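If you count by our numbering, then the sequence shown holds residues 45 to 231, one letter each, in order.
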Amino acid sequence: MPVLLGLGLASATGLRTFLPLLMLAVSARLGLFGVELNDQMAWLGSWPAIAALGIAATLEFAGDKIPAVDHALNVVGAFTRPIAGALAAASVFTGLDPTTAAVAGVIVGAPTAFAFNAAQGGTRLASTATTGGLGNPVLSFIEDGLAFLTVMIAFVLPVLIPLVLIVLVLVLIRLTRRFRRRARPAT
């Protein structure tokens with residue numbers, strides 16, 4: 045189950061860097077959904093970490109609705125989201141020694157977050173090309189919802205995460221194709 049939880053959290057960090065980490069930290073701190081952090085990552089559930097993640101998540105949420113800022117966030121996200129995915133995944137591998145948990149987090153979390161960030165980037169690029177960036181705030185709200193729902197499913201029913209990830213990929217592909225079709229000139 046920790047692998048599925050880590051996979052779900054990492055995929056959500058591919059869409060939003062801080063929201064999944066904030067949800068993980070709050071859930072661990074309040075003992076919700078049976079979420080536990082490994083000993084080396086217990087700091088993530090501290091009130092100062094939760095406050096910092098709350099501020100960062102709020103700034104990311106607001107900034108992603110502004111067309112010029114969303115592009116900058118996506119560029120930075122290509123680096124920060126895999127790190128956040130590795131951190132989120134590593135933190136839920138309880139009962140492992142620190143090195144094994146970190147390696148498992150990198151193996152599970154970083155590539156998953158990077159893949160979802162890349163898919164999001166493709167969708168945003170297609171949206172920008174077809175709407176001049178005006179459609180990006182709508183996509184941002186969809187991504188917010190998908191990230192939140194993915195984390196909730198990872199907490200409540202982690203066995204569904206592989207299915208959820210397939211559906212997320214299909215949704216992102218469909219959105220990208222829709223925007224690309226609109227970008228093609230009519231013949």
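Yeah, the Cβ is synthetic: ideal placement off N, Cα and C, and Gly gets one too. Only a predicted model underlies this, so the values are computations on that prediction, with no experimental measurement involved.
Judged by beta-carbon spacing, Ala56 lies beyond the 8 Å limit of Pro46, meaning their Cβ atoms are not closer than that value. Counting only residues of its own chain and dropping the five nearest sequence neighbours on each side, Leu178 has no CB closer than 6 Å to any other CB. Between Gly75 and Leu81 a beta carbon distance of about 11 Å is seen, past the 8 Å cut, so the two are scored as non-contacting. The beta carbon of Ala163 is closer than 6 Å to those of Leu216 in its chain, skipping five residues each way along the sequence. Looking from the CA of Arg225, the closest CA among Asp108, Ser171, Val195 belongs to Ser171. Secondary structure at Asp114: helix, using DSSP grouped into helix, strand and coil.
With a minimum length of 4 residues, the unbroken runs of alpha helix (DSSP H) contained wholly in the stretch 110-173 fall at 111-135. No Cβ-Cβ contact shorter than 8 Å links Ala134 with Ala122. Two segments are said to touch when three or more pairs of C-beta atoms, one from each, lie closer than 8 Å; by this definition the stretch 149-157 touches the stretch 113-129. Following the DSSP letters along the chain, one finds Trp91 inside the alpha helix (DSSP H) bounded by residues 91-107. The criterion of a C-beta distance shorter than 8 Å is satisfied by Phe62 and Ala100.
Counting along the chain, the unbroken alpha helix (DSSP H) around Val182 starts and ends at 180-200. In terms of Cα proximity to Pro92, the closest of Val113, Val182, Leu190, Leu66 is Leu66. Excluding the 5 residues flanking it on each side, Leu117 has same chain C-beta neighbours closer than 6 Å at Gly107, Asp108, in chain order. Nearest Cα to Val79 within the set Leu49, Leu169, Ser184: Leu49. Met67 sits in a helix when the DSSP states are folded into three classes.
Within the same chain, Cβ atoms closer than 6 Å to the Cβ of Ile197 are found at Leu204, Val208, the five residues on either side in sequence being excluded. A residue is called buried when at least 16 other Cβ atoms come within 10 angstroms of its Cβ; Arg221 does not meet this threshold and is exposed. Counting only the Cα atoms, Arg218 lies some 28 Å from Leu103. With fewer than 16 other Cβ atoms from the protein chains shown falling within 10 Å of its own Cβ, Thr143 counts as exposed.
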